[in-house]
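Engineer: Below are the structure tokens for one structure; questions will follow.
Protein chains in written order, with this note's numbering: chain A, 1 to 108; chain B, 109 to 249.
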């Protein structure tokens with residue numbers, strides 16, 4: 001399923017969607033960035049509550065298909081600019097990491 | 109590719125949030141050379157972890173990335189405090205990072221283990237009070 005249709009299906013709000021046709025092949029949840037880099041797979045959707053600029057670097061280097069910010073978190077200005085520059089898909093939701101993961105589990 | 113190419117980067121130790129610039133540049137360069145996405149992913153994650161370590165612990169340093177026909181070699185060199193106990197530093201979860209670093213999402217004690225995980229060879233040479241040199245190699249299959 002693509003990032004765009006996944007966002008529509010479970011009601012995630014696109015903050016940045018430069019590459020909405022990218023496929024999502026699974027999900028990784030985590031806030032410790034090195035842990036994410038060690039475990040997240042290429043093309044995973046990554047759910048996190050971290051919102052600083054390092055999140056953008058980790059998303060780019062790990063090659064995840066999108067970052068989903070949980071709990072109503074949004075990117076700070078530096079991070080949003082970096083994400084736009086690096087063409088990272090960023091979706092936001094007021095739901096918790098668990099609730100988003102459950103929703104994703106039903107549609108993926 | 110008959111000859112090897114080396115890229116050199118200065119890692120700025122003063123700004124934690126700009127860490128990742130060298131790895132992003134490496135990623136771009138490797139992509140231009142036509143390497144596979146998985147090789148690029150492994151090299152750039154290993155490089156980023158090294159870069160973060162140099163910023164957190166060593167006040168910056170230098171990185172050299174050499175691309176040759178069969179492999180990519182990354183040399184990270186710093187004049188930081190050195191690593192007292194390399195075996196301990198290699199354990200997942202062991203970290204000497206500060207709370208400030210942890211609040212940014214790092215300091216989980218996964219940096220060096222990730223560097224080893226994503227490379228085919230890794231060697232750490234460290235002298236306390238003098239600095240650390242880390243060599244990593246990723247084979248191009």
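Each residue gets a CB set at the ideal place from its N, CA and C atoms; glycine is no exception.
Being a predicted model, the structure only gives us computed values, none of them experimental.
Determine which residues of the segment 21-44 of chain A have a Cβ less than 7 angstroms from any Cβ of chain B, and write them out in chain order.
Structural biologist: 31, 32, 33, 34, 35, 37, 38, 42
Engineer: Less than 7 angstroms between CB atoms is the rule here; does residue 57 of chain A satisfy it with respect to chain B?
Structural biologist: Within the first chain, the letter at position 57 stands for residue 57 of chain A. It does; some Cβ of chain B falls within 7 angstroms.
Engineer: Quick test of the definition: if touching needs 3 or more C-beta pairs under 8 angstroms, does the segment 118-134 of chain B touch the segment 53-60 of chain A?
Structural biologist: yes
Engineer: For chain A, is any of its Cβ atoms less than 7 angstroms away from the one on residue 223 of chain B?
Structural biologist: Taking the first residue of the second chain as 1, we reach residue 223 of chain B at position 115. No - not a single Cβ of chain A is within 7 angstroms of the one on residue 223 of chain B.
Engineer: Does chain A have any CB closer than 7 angstroms to the CB of residue 149 of chain B?
Structural biologist: Within the second chain, numbered from 1, the residue matching residue 149 of chain B stands at position 41. For residue 149 of chain B, a Cβ of chain A is located within less than 7 angstroms of the residue's own Cβ.
Engineer: Throw me the rounded Cβ distance for the residue 23 of chain A and residue 65 of chain A pair, which I believe falls under 8 angstroms.
Structural biologist: Indexing the first chain from 1 puts residue 23 of chain A at position 23. Indexing the first chain from 1 puts residue 65 of chain A at position 65. At roughly 6 angstroms, the Cβ-Cβ gap stays under 8 angstroms, so residue 23 of chain A and residue 65 of chain A are in contact.
Engineer: In whole angstroms, what separates the C-alpha of residue 113 of chain B from that of residue 108 of chain A?
Structural biologist: Mapped onto the second chain, residue 113 of chain B falls at position 5. Mapped onto the first chain, residue 108 of chain A falls at position 108. Computed Cα separation, rounded: 42 angstroms.
Engineer: Taking residue 56 of chain A as part of the alpha helix (DSSP H), name the residues at either end of that continuous run.
Structural biologist: Working through the first chain from its first residue, we reach residue 56 of chain A at position 56. From DSSP, the alpha helix (DSSP H) with residue 56 of chain A extends over 53-62.
Engineer: Which runs of the beta strand (DSSP E) fall wholly inside the segment 179-224 of chain B and span at least 3 residues, in chain order?
Structural biologist: Listed in chain order, they are 179-186.
Engineer: Assign residue 229 of chain B to buried or exposed, taking buried as 16 or more other Cβ atoms, counted over all protein chains shown, within 10 Å of its Cβ.
Structural biologist: Stepping through the second chain from its first residue, residue 229 of chain B is reached at position 121. Residue 229 of chain B is exposed by the Cβ-count criterion.
Engineer: Provide the residue span of the alpha helix (DSSP H) that contains residue 139 of chain B, from first to last.
Structural biologist: Locating residue 139 of chain B in the second chain gives position 31, counting from the first residue. For residue 139 of chain B, the enclosing alpha helix (DSSP H) stretches over residues 129-140.
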